[in-house]
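Peer 1: Sequential numbering from 3 applies to the sequence shown in our numbering. In this text, a Cβ means the ideal position worked out from N, Cα and C, and glycines have one as well. The structure displayed is predicted, hence computed values, not measured ones.
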Amino acid sequence: MVKRQEKEVFFTTEGVWGGLVSVFSSLLCRGCGAEGGYLCERCKKYILRGFQPREILYMEEAACAEEKEAARELEKIFQRAEFLGFRDELLGEMVEEYKYQAVRGMGRVIGEMVYEMYFKELLREEARERKGGRGCSEVILVPMATNRRHVRERGFDHMKLVAKGVERKARGRVRVVPLLERAKDTVQVGASDKVREAQAKGAVRVNPKFLEGETGEFSEEVRRVRVVLLDDVWTTGASMKEAGRVLREAGVERLNGLVIVKNRRGASPVIRGGEMGE
Ligand SMILES: [Zn+2]
3 MVKRQEKEVF FTTEGVWGGL VSVFSSLLCR GCGAEGGYLC ERCKKYILRG
53 FQPREILYME EAACAEEKEA ARELEKIFQR AEFLGFRDEL LGEMVEEYKY
103 QAVRGMGRVI GEMVYEMYFK ELLREEARER KGGRGCSEVI LVPMATNRRH
153 VRERGFDHMK LVAKGVERKA RGRVRVVPLL ERAKDTVQVG ASDKVREAQA
203 KGAVRVNPKF LEGETGEFSE EVRRVRVVLL DDVWTTGASM KEAGRVLREA
253 GVERLNGLVI VKNRRGASPV IRGGEMGE
């Protein structure tokens, strides 16, 4: 087990100089350097061309019994578990900058991309299902609950802002509902899957205000609607699986898991303190 003591350093854009730096850098596209925003229309189009979400783990790719078991476990929790890009791609770099340099304004842009890359098609599918008597006119988006210390240090809840970006773009068809909250604020630093899994246990819980008194479950509405659990980075999946399990136990029937980025297969995972869903 590799244990690293790491402290996250956030370069907040506070103060006069920080303000100037953030105003200036916000003018430049992270893809091509063009002026006019974090991501220009051409680079957006480039990312979206022929884009399809990919499964995080799937049976055919599983190289060993352990991986097969992990894929099976994921299938039990989520009807679909997908990711949108790799960490070394433009979107991944933006997520990294947003998260570790606390570039608040990027949350909305990333959220809009998540809408285009995922929710647009999901809403179409829901509409098709609705014709067959299933499916709902809206989708519930649950942002992964963030470590409270990191929210304080960043000055904002980064997953909530991304979720709000999706919601804005979806115009009433996606509703952000914080069904999860942080139960304990342990930062996951262990490198091995087992260690991370143990740390993730009990890290999130259902926000009690959404539970109904007698049953201790979510309302009928929440149980039936399509729920998408959203996290930023997939490392070992420990926190995603744990959060998914918690939602399913409280009665969510139609649950999708979505992470924005993951490591390339075979690439050594870059583990930074508090990376997962924090
Ligand atoms: Zn560009």
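(1) Along the alpha helix (DSSP H) that carries L163, what are the first and last residues, could you check?
(2) For ligand 1, is there a heavy atom less than 8 Å away from the beta-carbon of A36?
(3) G204 and D233: beta carbons closer than 9 Å?
(4) What residue does the beta strand (DSSP E) around E183 start on, and which one ends it?
(5) Of the residues K264, E84, C31, R150, which one's Cα is nearest the Cα of G40?
(6) Can you grab the Cα-Cα spacing for the pair L249 / R56, in whole Å?
(7) If you reduce the DSSP assignment to three classes, tell me which class A73 lands in.
(8) Give a single yes or no on whether G33 has its beta carbon closer than 8 Å to a heavy atom of ligand 1.
(9) Hey, R150 and D195 are a contact pair by Cβ (cut 8 Å); roughly how many whole angstroms apart?
(10) Taking the straight line between their C-alpha atoms, what separation do you get for V208 and E37?
(11) Quick one: residues in its chain with C-beta nearer than 6 Å to the C-beta of A64, no 5 flanking neighbours on either side, listed in chain order?
(12) If you compare alpha carbons, which of V105, L59, Y120, G109 is closest to F53?
(13) Excluding the five sequence neighbours on either side, which residues of its own chain have a C-beta within less than 6 Å of the C-beta of G253, listed in chain order?
(14) DSSP three-state call for A129: helix, strand or coil?
(15) Determine, using beta-carbon pairs with one atom in the stretch 143 to 162 and one in the stretch 100 to 118, whether at least three such pairs fall under 8 Å.
(16) Within a Cβ cutoff of 6 Å, which residues of the same chain sit near G279, ignoring the five residues on either side of it in sequence?
(17) With H, G and I counted as helix, E and B as strand and the rest as coil, what does DSSP make of E277?
(18) Between the beta-carbon of L143 and the beta-carbon of A245, is there less than 9 Å?
(19) Are the Cβ atoms of G33 and R44 separated by less than 9 Å?
(20) Using only the heavy atoms of ligand 1, determine whether one of them is closer than 8 Å to the beta carbon of R51.
(21) Report all residues from its chain with a CB closer than 6 Å to the CB of E199; omit the five preceding and five following residues, and keep chain order.
(22) Where does G253 sit, in a helix, a strand or coil, going by DSSP?
(23) Within 10 angstroms of the Cβ of A83, are there 16 or more other Cβ atoms? Answer buried if so, exposed if not.
(24) Can you check whether the C-beta of T237 is within less than 9 Å of a C-beta belonging to chain B?
(25) Between the beta-carbon of V257 and the beta-carbon of I49, is there less than 9 Å?
(26) Taking its Cβ as the centre, do 16 or more other Cβ atoms sit within 10 Å of L124, making it buried, or is it exposed?
(27) Can you name, in chain order, every residue of its own chain whose Cβ lies under 6 Å from the Cβ of L76, other than the five neighbours on each side?
Peer 2: On the basis of the coordinates in this document:
(1) Annotation: the continuous alpha helix (DSSP H) that includes L163 extends over 160 to 172.
(2) Result yes, Cβ under 8 Å from ligand 1.
(3) No, the pair does not count as a contact, with Cβ atoms beyond the cut-off.
(4) Element bounds for E183: 182 to 184.
(5) First, the amino acid is wrong: residue 40 is Tyr here, not Gly. Ranking K264, E84, C31, R150 by Cα distance to Y40 puts C31 first.
(6) Taking the straight line from one Cα to the other gives about 22 Å.
(7) Here A73 sits in helix by DSSP.
(8) Answer for G33: yes, Cβ within range of ligand 1.
(9) Actually they do not touch by this definition, with Cβ atoms about 25 Å apart.
(10) One C-alpha to the other measures close to 42 Å.
(11) Hits under 6 Å: K70, A73.
(12) If you compare the alpha carbons of V105, L59, Y120, G109 with that of F53, the shortest gap goes to Y120.
(13) The residues E219, F220, R225, in chain order, have a CB closer than 6 Å to that of G253 in the same chain once the five nearest residues on each side in sequence are set aside.
(14) Helix.
(15) Touching, per the Cβ criterion.
(16) In this prediction, G279 has a pLDDT of 40, which is less than 50 and means its spatial position is unreliable; what the coordinates show is noted afterwards. These residues qualify, in order along the chain: M146, D233, S241.
(17) Because E277 carries a pLDDT of 42, less than 50, the predicted location of this residue cannot be relied on, and the following value inherits that uncertainty. Of the three classes helix, strand and coil, the one that applies to E277 here is coil, per DSSP.
(18) For the 9 Å CB-CB criterion, L143 and A245 do not form a contact.
(19) Contact flag set, yes.
(20) No, Cβ of R51 sits at least 8 Å from all heavy atoms of ligand 1.
(21) These residues qualify, in order along the chain: A240.
(22) Here G253 sits in coil by DSSP.
(23) With at least 16 other beta carbons inside 10 angstroms of its own, A83 counts as buried.
(24) Checking the listed chains, one finds no chain B in this structure; it contains a single protein chain.
(25) The displayed chain sequence assigns Leu, not Val, to residue 257. No, the Cβ-Cβ distance between L257 and I49 is not below 9 Å.
(26) That one is buried.
(27) For L76, where only same-chain residues beyond five positions count, the Cβ hits under 6 Å are L59, A83.
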